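In our numbering, the protein residues as written are -9 to 211.
Virtual Cβ for every residue (Gly too), placed ideally from N, Cα, C.
Keep in mind it's a predicted model, so treat the numbers as computed, not measured.
If you want it as C-alpha cells, here you go:
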C-alpha cells in the first residue's frame, strides 16, 4: 500500500516477508540537514537475513558467511563482500535507485563519524522470524539482537549530533525488514522430522509465522 506522502509496504510470500517503511518518499534525503550546511541526509536502516546482509556475518564466528568466491563475482570489486549474492543485493539496489550512498554493515569498523548519518545495516544471514531458526549457524545476530544494536547505533549518533537531531534522523529514516525464508528452509523443512514439522502442518506453521512476524513489527526498537 502506498500514498503520496508515506510508504508502508508489506509483502508476504512463500519463502519470506519484506517490509519497507518510512516517511515522505523521495529521491533525496531531505529529512535531516547535516550540520555541514551543504547536503541533506535521510538515513536508511536495514534488518533481516541473508537477502539483505551486506557483511555483518564476516565479523562473526559462524558458518553462515559469504566471504569466498563465487560470491561477489559481479560486484564492482569482483570480490566477496559478505553479501549472499554474485553482486549487489536489495539494499544496494534501493540505495542506488534513490541516489543514496549505500549503508555499511553495523559491525564494520568503517562505520563511524559522518558515515553513521547514512544509516546502518544490521542484517545477519541465517536468522528467521523464530529464534530457533538457524541454530545450526550458532553465532548469528537474531532480530532481538539487531534491535539492540540499533539502540547502540542511536547512542553513537547522539554523541555525534545530539539527542534531538538523532531522534529526527531516526524518525525520518527509511526502514527495510526482510525475514521469513529461513523459517521454512532452515527450520521447518530442514529435516524430514524437524521439531516444527512435528508440531505444525505447513498451513498451521505459515499462520504461526505470520503471527510471530506481526509481533516483531509491533516492537519499538
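Taking buried to mean at least 16 other C-beta atoms within 10 Å of its own C-beta, is residue i buried or exposed?
i	result
residue 207	exposed
residue 188	exposed
residue 163	buried
residue 16	Residue placement at residue 16 is poorly supported in this model, since its pLDDT is 38, which falls under 50; the coordinates are not used for a value here.
residue 103	exposed
residue 83	exposed
residue 228	Nothing can be reported for residue 228: it is not among the residues displayed for the chain, which extend from -9 to 211.
residue 97	buried
residue 18	Caution is warranted here: a pLDDT of 42 is assigned to residue 18, below 50, making its placement in the model unreliable, and the coordinate value is therefore given only provisionally. The residue in question, residue 18, is exposed, as its Cβ has fewer than 16 Cβ neighbours within 10 Å.
residue 201	exposed
residue 51	exposed
residue 56	buried
residue 145	exposed
residue 160	buried
residue 20	Because the pLDDT at residue 20 is just 44, under 50, the model does not fix this residue reliably, and the point stays unresolved.
residue 64	exposed
residue 93	buried
residue 62	buried
residue 89	exposed
residue 149	exposed
residue 39	buried
residue 153	exposed
residue 191	exposed
residue 193	exposed
Considering only the beta carbon of each residue, do residue i and residue j sit closer than 7 Å?
i	j	result
residue 117	residue 124	yes
residue 133	residue 114	no
residue 172	residue 186	no
residue 44	residue 73	yes
residue 95	residue 42	no
residue 167	residue 37	yes
residue 58	residue 66	no
residue 156	residue 165	no
residue 112	residue 136	yes
residue 174	residue 53	no
residue 198	residue 119	no
For the alpha helix (DSSP H) that contains residue i, what are its first and last residues?
i	result
residue 149	133 to 151
residue 208	192 to 208
residue 185	185 to 189
Provide the residue span of the beta strand (DSSP E) that contains residue i, from first to last.
i	result
residue 36	34 to 38
residue 169	164 to 169
query: At which residue ranges does the segment 56 to 144 contain complete alpha helix (DSSP H) runs of 4 or more residues, listed in the order of the chain?
result: 80 to 88
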